[in-house]
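Structure first, commentary second.
Residue numbers (UniProt numbering): 1 to 335.
Written out as structure tokens, the structure reads:
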């Protein structure tokens, strides 16, 4: 297969995702939800929409045109996938295969149904891909590694896979910077960045920086359209648990009935809690964000250089690489 063959196959996969049969999607969502109860139909549909956005023809071709992807000696790349949100490992799946290499996948036990289905579908679209995709619980006979996990598992990955060419990712989260001049529509869009996938993704906003004397109740009011999130049993349980901890500890917080705002200097908040921190000097804030860049996946807002627009944290472009590490450049260097 040449690059054009691979691109065409993934473009067809994108069209499949855009027009998937309603009953087929329903059955797939049930199977995925049985494996991971955080994977609701709505969240899986959002993930499919995001992947179709990835795979639209102009976007995919613009991405691959930036690289020399002629592979003389294809390598086998082991990919250890996370399972925090639906199909979170798809970008690595796409990158390895579009670059001309073979992929050896260790799926997350929390997200094996969806990727195996798409891998099978890709093999039907382009049968030559079928021999290039392998799923395995134990990894052996590979040439390079891409692994995503927690800070603890990253230490394990470095120990076992340090001798191979590798990309090893740790915990990250995302934050937003408000200046007080945002419109109600922008604040509501920020709610998508907070609540999509129940806030479980590394591109979900878990911390918000606001100016001194910012109107926090108004922020919570703008998020009212997301109130139904509380009806998910696991989210509701987390909300109740976190609220009880705050009450027992007599910690000050604001409560909307489905999410709590708590002042904290920490970046990563628990489920159903969003941290906030006030700032007076934009320069000092910029320095703080720079110092924390190894922990931040993306920043949402207007004023920060390179910031993501409100509501778009979970719809990155193909070249918005996790941890700012160019996966396709890494893969193209393996020849």
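Every residue, glycine too, gets a C-beta built ideally from N, C-alpha and C. None of these values were measured; they are calculated from a predicted model.
- A distance below 6 Å between beta-carbons, with the five flanking residues on each side excluded, links residue 148 to the following residues of its chain, in chain order: 82, 169.
- Counting only runs of at least 4 residues, the segment 73-103 fully encloses the following alpha helix (DSSP H) elements, listed from N- to C-terminal order: 90-98.
- Counting every other CB atom within 10 Å of its CB across the protein chains shown gives residue 212 a total below 16, marking it as exposed.
- Using a C-beta cut-off of 8 Å, the segment 241-249 makes no contact with the segment 308-325, since fewer than three inter-stretch Cβ pairs fall below that distance.
- DSSP places residue 57 in the helix class (H, G or I) of the three-state scheme.
- Across the set 254, 279, 280, 285, the C-alpha of 254 shows the shortest separation from the C-alpha of residue 273.
- DSSP lists no beta-bridge partner residue for residue 265.
- Of the candidates 290, 53, 37, 53 places its Cα closest to the Cα of residue 18.
- Only buried fits residue 43, as 16 or more other CB atoms lie within 10 angstroms of its CB.
- Here residue 136 is exposed: its Cβ has fewer than 16 other Cβ atoms, across all protein chains shown, within 10 Å.
- According to the DSSP assignment, residue 154 belongs to the alpha helix (DSSP H) that extends over 151-161.
- Taking C-beta atoms as the reference points, residue 166 and residue 150 fail to come closer than 8 Å.
- Taken through DSSP and simplified to helix, strand or coil, residue 206 comes out as strand.
- Spatial neighbours of residue 89 in its own chain (CB-CB distance under 6 Å, excluding positions within 5 residues in sequence) are listed in chain order as 81.
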